[in-house]
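Numbering-wise, the sequence shown is residues 26 to 154 according to our numbering. Here a beta-carbon is modelled for each residue, glycine too, at the ideal position from N, C-alpha and C. One structure below.
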Amino acid sequence: MAKDDGRETLRHVDEAARLARGLDKRYEQNLIDATNGGMDTMVRYVATPPGEGSPAGLHIHDFDQLFYIVAGVMSIEIEGDTFEAEPGSLVVFRQGVPHRNWNGGGEETIHLAINTPMPDPDKPLAIPV
26 MAKDDGRETL RHVDEAARLA RGLDKRYEQN LIDATNGGMD TMVRYVATPP
76 GEGSPAGLHI HDFDQLFYIV AGVMSIEIEG DTFEAEPGSL VVFRQGVPHR
126 NWNGGGEETI HLAINTPMPD PDKPLAIPV
């Protein structure tokens, strides 16, 4: 068993906060980032209701971003090509490549967004294009 050195070893989604926000609104929670023990990578839990998507629209990042799709089907656009990512899919957005995502289906999508290297907490995550 791993020793906890003051940082949480196990991270949990705050379901109470998610439900309080309402299932008709996008919910994001940083499971690990620069403010809570992250050293090299940021991991976010994101639940997106039908009809919602990337708040910044088409955008880029100054880091690599991976999406692991947990539930629902997410629509993805990368450099003008569109894809449907089902549960169990890993989507790779390379640094500087224009992309966006949205939920065009009838049920909520849930994904983990993994950003590496750690985004600068003093800069916006998404840069609109």
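Alpha carbon of residue i to alpha carbon of residue j, nearest angstrom
| i | j | result |
| --- | --- | --- |
| G62 | Q90 | 19 Å |
| M26 | L35 | Residue placement at M26 cannot be trusted, given a pLDDT of 43 that sits under 50; the coordinates are not used to answer. |
| S79 | V98 | 14 Å |
| I152 | F118 | 13 Å |
| P75 | D49 | 8 Å |
| A45 | E133 | 16 Å |
| H136 | H37 | 14 Å |
| K148 | G131 | 33 Å |
| E33 | E53 | 19 Å |
| R43 | R69 | 13 Å |
Where the beta strand (DSSP E) containing residue i begins and where it ends
| i | result |
| --- | --- |
| R125 | 124-127 |
| R69 | 67-73 |
| D106 | 106-110 |
| T134 | 134-141 |
| D58 | Segment: none, D58 is in no beta strand (DSSP E) and carries neither H nor E. |
Contacting residues, own chain, Cβ-Cβ under 7 Å from residue i (five flanking each side not counted)
| i | result |
| --- | --- |
| P144 | M67, F88, L150 |
| E104 | V122, P123 |
| G129 | S100 |
Anticipated Cβ contact below 8 Å, residue i with residue j, distance rounded
| i | j | result |
| --- | --- | --- |
| S114 | T107 | Not really, about 14 Å apart at Cβ, beyond 8 Å. |
| L56 | R125 | About 23 Å; that fails the 8 Å criterion. |
| A138 | V71 | 6 Å |
Residue span of the alpha helix (DSSP H) that contains residue i, given as start and end
| i | result |
| --- | --- |
| L44 | 40-46 |
Own chain partners of residue i with C-beta closer than 6 Å, once the 5 adjacent residues on each side are dropped
| i | result |
| --- | --- |
| P146 | A59 |
| A110 | I94, M99, I101, V116 |
| E40 | none |
Same chain, Cβ closer than 8 Å to residue i, neighbours up to 5 away in sequence not counted
| i | result |
| --- | --- |
| H86 | F118, Q120, G121, N140, P144, L150, A151, I152 |
| D65 | T141, P142, M143 |
| V154 | L83, H84, I85, P123 |
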